Amino acid sequence: MNIVLLAGSPSANSRSTRLLQHVGDRLASCISSSCVPQLLQVRDLPAAALLHADFADADIVAARTRVAQADAIVIATPVYQASFSGVLKTFLDLLPQNALLGKPVLPLAV
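Read in order, the letters of the sequence shown are residues -2 to 107 in the numbering used here.
What follows is the structure, encoded as C-alpha cells:
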C-alpha cells in the first residue's frame, strides 16, 4: 500500500509535521510490511515553481506523480487564521481536479 504523508507546514520544526510522522510510524506498524508511508514536504518544493504554477518543473512533476500514485493520503497542516497553510493550498491547487477522487484522505490540522 502506497501512502503519501503530505506535510503542509512552511516551518522546518513543525508540530503538524511531527504529528504526521507519528501517524506514518503507526500506519507502518499496523498495516502490512509492504506499507511504507512516504513523507512529502511541500516546503521542500521550489517556491518559484509553486507560485508560478510551473507544471514542467521536475520537483513539481515528481510531487504530483507521488500523489497520483498514492493509495491513500494523510495531509497535515498548521492552522493559520482559522485555515490551512498557504503553501499547502498552493500545492493542492496544482493537482488535477480529481486527483484525490477515490482515495482515502485523512486531514490533520494542528
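Glycine included, C-beta positions come from ideal geometry on N, C-alpha and C. As the structure is a computational prediction, the values presented were derived from the model and not from experiment.
Assignment of Ser31 by DSSP, reduced to helix, strand and coil, places it in the coil class. Three or more Cβ pairs closer than 8 Å define a contact, and the stretch 91 to 105 falls short of that threshold against the stretch 21 to 35. At the C-beta level, Ala73 and Ser13 come within 8 Å of one another.
In this structure, DSSP gives Ala50 a state outside helix and strand, which the three-state scheme calls coil. Annotated three-state conformation of Val84 is helix, per DSSP. Around the Cβ of Pro34, a 10 Å sphere holds 16 or more other Cβ atoms; the residue is buried. In the DSSP assignment, Ala73 falls within the unbroken beta strand (DSSP E) covering 69 to 74.
Proximity to Val64 across Phe81, Val39, Ala45 peaks at Val39, based on C-alpha coordinates.
Here Ala67 is not near Val20, since their CB atoms are 8 Å or more apart.
Distance from the CA of Thr62 to the CA of Ala44, rounded to the nearest whole angstrom, comes to 18 Å.
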